[in-house]
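I have placed the structure first, in the form of structure tokens, so that the comments after it can refer back to it.
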Amino acid sequence: MRCPKCSGIKSSVIDSRQAEDGNTIRRRRECEECRYRFTTYERVEEKTLVVVKKDGNREQFSRDKIFNGIIRSAQKRPVSSTEIDEIVNRIEQKLRSQHDGEVSSDIIGSLVMDELVNLDEITYVRFASVYRSFKDVAELETLLKEVIYGNKESENKANE
Numbered sequence: 002m003r004c005p006k007c008s009g010i011k012s013s014v015i016d017s018r019q020a021e022d023g024n025t026i027r028r029r030r031e032c033e034e035c036r037y038r039f040t041t042y043e044r045v046e047e048k049t050l051v052v053v054k055k056d057g058n059r060e061q062f063s064r065d066k067i068f069n070g071i072i073r074s075a076q077k078r079p080v081s082s083t084e085i086d087e088i089v090n091r092i093e094q095k096l097r098s099q100h101d102g103e104v105s106s107d108i109i110g111s112l113v114m115d116e117l118v119n120l121d122e123i124t125y126v127r128f129a130s131v132y133r134s135f136k137d138v139a140e141l142e143t144l145l146k147e148v149i150y151g152n153k154e155s156e157n158k159a160n161e
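First residue of the sequence shown: 2, per our numbering; consecutive thereafter.
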């Protein structure tokens, strides 16, 4: 590993530990020439995941697009960025383990909705209204009934 200070090519690993996400190793190194200490990260090189959009266009998978979509839906709601980040991590992990190379945007949207329905009802409805592109109020009303009656069914099962 090349030293960022003197560009020396020899360094020793002083400390090595797993990073927070569990998929990365953090290494503290020391340059053998100038003794400068620096940090490097090692992670598995993952295959590029391509998203196939509804119109047939393809684009590279972006965690940020999912994160930003949820952030917009969760505006002024009691949803933390940590919770959203955990959701995005779970979705990305599912996509990478279940799909090899290409995945449709419909699958990603469904995974997001599956996560949001258990997180916050309003965030779920806001995301769904954009994701499903409702044509009229009746479609929105149907979704709201699903949310309301779905929760009542869950409450009834919990009370039994």
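All residues carry an ideal CB built from backbone N, CA and C; glycine is no exception.
Relative to the C-alpha of residue i, which candidate in the options has its C-alpha closest?
i	options	result
tyrosine 132	Lys146, Leu145, Ser106 and Asn90	Ser106
cysteine 7	Leu117, Gly110, Glu34 and Arg28	Glu34
leucine 141	Gly151, Tyr150 and Arg127	Arg127
aspartate 101	Thr49, Phe68 and Ser134	Thr49
methionine 2	Thr40, Phe62, Ala20 and Ile26	Thr40
arginine 36	Gly23, Pro5, Asp56 and Val104	Pro5
valine 104	Gly57, Val45 and Ile26	Gly57
valine 45	Ile26, Ile123, Lys136 and Asn69	Ile26
Can you tell me which of the three DSSP states residue i falls into?
i	result
glutamine 94	helix
isoleucine 72	helix
phenylalanine 39	strand
aspartate 121	coil
asparagine 160	With a pLDDT of only 38 at asparagine 160, under 50, the local geometry of the prediction cannot be trusted, and the value read off the model is given with reservation. Residue state, collapsed to three classes: helix.
isoleucine 109	helix
glutamate 46	coil
aspartate 16	strand
Are the CB atoms of residue j and residue i within a distance shorter than 8 Å?
i	j	result
valine 52	glutamate 60	yes
valine 148	tyrosine 125	yes
isoleucine 15	arginine 29	yes
glutamate 31	serine 17	no
valine 80	aspartate 115	no
leucine 117	lysine 95	no
serine 47	arginine 78	Before going on, a small fix: residue 47 reads as glutamate here, not serine. No, they are not a contact pair.
histidine 93	arginine 64	The displayed chain sequence assigns glutamate, not histidine, to residue 93. Yes; because the gap between Cβ atoms is below 8 Å, this pair is in contact.
isoleucine 109	isoleucine 67	yes
At a threshold of 7 Å, does residue i count as lining the ligand HEM (C-beta to nearest heavy atom)?
i	result
glycine 57	Within the structure as shown, the ligand HEM is missing, as the structure has no ligands at all.
Which residues share a DSSP beta bridge with residue i?
i	result
glutamate 103	Val51
isoleucine 67	Paired residues: none, contrary to the question.
methionine 31	Residue identity differs from the one stated: residue 31 is glutamate in this sequence, not methionine. Looking at the DSSP assignment, glutamate 31 forms a beta bridge with Ser13 and Arg38.
isoleucine 26	Gln19 and Glu43
Minimum length 4: unbroken alpha helix (DSSP H) runs contained in the stretch 121-145: Runs found: 122-132.
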